[in-house]
């Protein structure tokens, strides 16, 4: 599966399953927004993955934090449908 020209938000992205998902999506070409409350792990994962990945501190119980993560994903240079 080729995910070039797509973006994704992974909630809980700095945890076990989340970080595996982030790595796989990035490996397939997606620009990934890592949404989590674990700043150190999230920032380290974004650096490790590279490929335009971005960590956004996000508490999924906070609507404003979710909106911030969505805005970050929407603002990515490459999104679905663009080449």
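In this note's numbering, the protein residues as written are 641 to 723. We put the CB at the ideal spot given by N, CA and C, even for glycine. From a predicted model like this one, the values you see are computed outputs, not experimental measurements.
Around the beta carbon of residue 676, 16 or more other beta carbons lie within 10 angstroms, which makes this residue buried. Taking C-beta atoms as the reference points, residue 712 and residue 673 count as a pair closer than 8 Å.
Measuring C-alpha to C-alpha distances from residue 678 to each of 670, 714, 699, 646 identifies 699 as the nearest.
Secondary-structure assignment with DSSP links residue 676 through a beta bridge to 697. Contact check for residue 693 and residue 666: beta-carbon distance about 6 Å, within the 8 Å limit, so the pair qualifies. Rounded to the nearest whole angstrom, the C-alpha separation of residue 690 and residue 682 is 12 Å. Where residue 661 is concerned, there is no enclosing beta strand (DSSP E), although the alpha helix (DSSP H) around it starts and stops at 656-667. Taking a 10 Å sphere around the C-beta of residue 709, we find 16 or more other C-beta atoms and assign the residue as buried.
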